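K.L.:
Following the UniProt record's numbering, the numbering of the sequence shown begins with 1 at its first residue and continues without gaps.
Glycine residues also receive a C-beta, built at the ideal position from the N, C-alpha and C atoms.
Remember, it's a predicted structure, so these values are computed and weren't measured experimentally.
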Amino acid sequence: MHQHPHILVCMGSFDPVTRAHILLVEYAYDWLIRKGRHITRILFSPVHDSYPYKHLAPSIHRVEMLRLAVAESKLSHIMDVDTMEVENPEGYQPTYVIVENLRQRYTGAQIYIVAGMDLLHSQCDETAWKPVNVQKLYSSAVAIIVPRDGGVGGISQRSVLNKVKQVSYLYEPYRNERILILNKSISEISSTAAKKELRHGSGSMCATSVQRYILNNSLYVADLSSQ
Numbered sequence: 001m002h003q004h005p006h007i008l009v010c011m012g013s014f015d016p017v018t019r020a021h022i023l024l025v026e027y028a029y030d031w032l033i034r035k036g037r038h039i040t041r042i043l044f045s046p047v048h049d050s051y052p053y054k055h056l057a058p059s060i061h062r063v064e065m066l067r068l069a070v071a072e073s074k075l076s077h078i079m080d081v082d083t084m085e086v087e088n089p090e091g092y093q094p095t096y097v098i099v100e101n102l103r104q105r106y107t108g109a110q111i112y113i114v115a116g117m118d119l120l121h122s123q124c125d126e127t128a129w130k131p132v133n134v135q136k137l138y139s140s141a142v143a144i145i146v147p148r149d150g151g152v153g154g155i156s157q158r159s160v161l162n163k164v165k166q167v168s169y170l171y172e173p174y175r176n177e178r179i180l181i182l183n184k185s186i187s188e189i190s191s192t193a194a195k196k197e198l199r200h201g202s203g204s205m206c207a208t209s210v211q212r213y214i215l216n217n218s219l220y221v222a223d224l225s226s227q
């Protein structure tokens, strides 16, 4: 019997990609496999350069760093960097639009998006996420939420979950298992922390090939010199 593809997608700025980004995806993949979901592809989708919330390194560099990091993963054979978003001539698009575009490209696919608890925390804020966009997202995809050590910016995971249960446009997909929160947490390694580490001559938060690329291309020089 023909089975529709199951695709795991990780979206973000990846500025730069860290070991934690790869670990996040590997852990979500392992969990889905244990649940009987046959994941056929894993896609990393970096955000467009016109992302309005913070200044990013050019996408040509963020894409290449992702490709280098992916090559070192145990799942590299099914991983790919999807450049649809960064190449979109219309610029930055809401997350649900990216998911809908993927569903059009991969007919009949079940899309899973993997993210940290900070996704749910931000979605509770209607000024950050329009409720209608959240509803469209969870009608098209299932979110696999991997908690991070220490919660979200000092806010406990329990507090975030309590907020989710009070927000109707989030509680509905949570109740219907369109939002799945895993039990195990992973270490928090942010891109900001990785940049600070690079400033002090270390790069353990990034794959060795990524660290080398950053140095060879003099990326984040302004960020590092100002800290």
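Counting beta carbon pairs with one atom in the stretch 82 to 94 and one in the stretch 40 to 59, are three or more of them shorter than 8 Å?
P.N.:
The stretch 40 to 59 vs the stretch 82 to 94: in contact.
K.L.:
Report the CB separation of F14 from R62 in whole angstroms; it is logged as a contact under 8 Å.
P.N.:
The residue given as residue 14 occupies position 14 in the sequence shown. The residue given as residue 62 occupies position 62 in the sequence shown. Yes, F14 and R62 are in contact; Cβ-Cβ is about 5 Å, under 8 Å.
K.L.:
Spatial neighbours of P94 within its chain, please: C-beta separation below 7 Å, excluding the five flanking residues on both sides.
P.N.:
Start at 1 with the first residue of the sequence shown, and residue 94 comes out as number 94. Hits under 7 Å: N133.
K.L.:
Classify D118 as helix, strand or coil using the three-state DSSP reduction.
P.N.:
One-based indexing of the sequence shown puts residue 118 at position 118. Of the three classes helix, strand and coil, the one that applies to D118 here is helix, per DSSP.
K.L.:
How is residue 259 classed by DSSP in three states: helix, strand or coil?
P.N.:
What is shown of the chain runs 1 to 227, which leaves residue 259 out entirely.
K.L.:
Comparing C-alpha positions only, which one of C124, A141, T127 sits nearest to V97?
P.N.:
Residue numbering aside, residue 97 sits at position 97 when the sequence shown is read from its first letter. V97 has its Cα closest to that of A141, out of C124, A141, T127.
K.L.:
How is the beta strand (DSSP E) around K7 delimited, first residue to last?
P.N.:
Position 7 of the sequence shown, counted from the first residue, corresponds to residue 7. The residue you asked about is not Lys; residue 7 is Ile in the sequence shown. I7 -> beta strand (DSSP E) spans 6 to 12.
K.L.:
Under a Cβ-count criterion, where at least 16 other Cβ atoms within 10 Å of its own Cβ denotes burial, should L215 be classed as buried or exposed?
P.N.:
Within the sequence shown, the letter at position 215 stands for residue 215. Exposed is the call here.
K.L.:
Kindly indicate which residue of I179, Q157, L8 has the alpha-carbon position closest to the one of V81.
P.N.:
Indexing the sequence shown from 1 puts residue 81 at position 81. Nearest of I179, Q157, L8 to V81, Cα basis: L8.
K.L.:
Quick one: what's got a C-beta closer than 8 Å to G108's C-beta in the same chain, skipping five residues either side?
P.N.:
Within the sequence shown, numbered from 1, the residue matching residue 108 stands at position 108. H4, P5.
K.L.:
Roughly how many whole angstroms lie between the Cα atoms of L32 and L56?
P.N.:
Counting from 1 along the sequence shown, the entry for residue 32 is found at position 32. Counting from 1 along the sequence shown, the entry for residue 56 is found at position 56. Going from the Cα of L32 to the Cα of L56 covers about 31 Å.
K.L.:
Under a three-way DSSP split, which group does R148 fall into?
P.N.:
What you label residue 148 is simply residue 148 of the sequence shown in a count that begins at 1. In the structure shown, R148 sits in a strand (DSSP, three-state: E or B).
K.L.:
Under 8 Å between C-beta atoms, does T83 make it to chain C?
P.N.:
You won't find chain C in this structure, because it holds only one protein chain.
K.L.:
Which runs of the beta strand (DSSP E) fall wholly inside the stretch 16 to 76 and span at least 3 residues, in chain order?
P.N.:
DSSP runs (the beta strand (DSSP E)) wholly in the stretch 16 to 76: 39 to 46.
K.L.:
Who are the Cβ neighbours of E64 in its own chain at under 7 Å, not counting the five residues just before and after it?
P.N.:
To locate residue 64, count along the sequence shown from 1; it is residue 64. Contacts found: Y213.
K.L.:
Could you give the first and the last residue of the continuous beta strand (DSSP E) run that contains I179?
P.N.:
Residue 179 sits at position 179 when you count from the first residue of the sequence shown. Run containing I179: 179 to 181, per the beta strand (DSSP E) assignment.
K.L.:
Which two residues bound the contiguous alpha helix (DSSP H) that contains V81?
P.N.:
Counting from one through the sequence shown, the residue named residue 81 turns up at place 81. No alpha helix (DSSP H) holds V81; the beta strand (DSSP E) holding it covers 79 to 81.
K.L.:
Thinking L170 and Q123 are a contact (beta carbons under 8 Å), I'd like their distance in whole angstroms, please.
P.N.:
For this step, residue 170 is matched to residue 170 along the sequence shown. For this step, residue 123 is matched to residue 123 along the sequence shown. Their Cβ separation, rounded to whole angstroms, is 6 Å, which keeps L170 and Q123 in contact under 8 Å.
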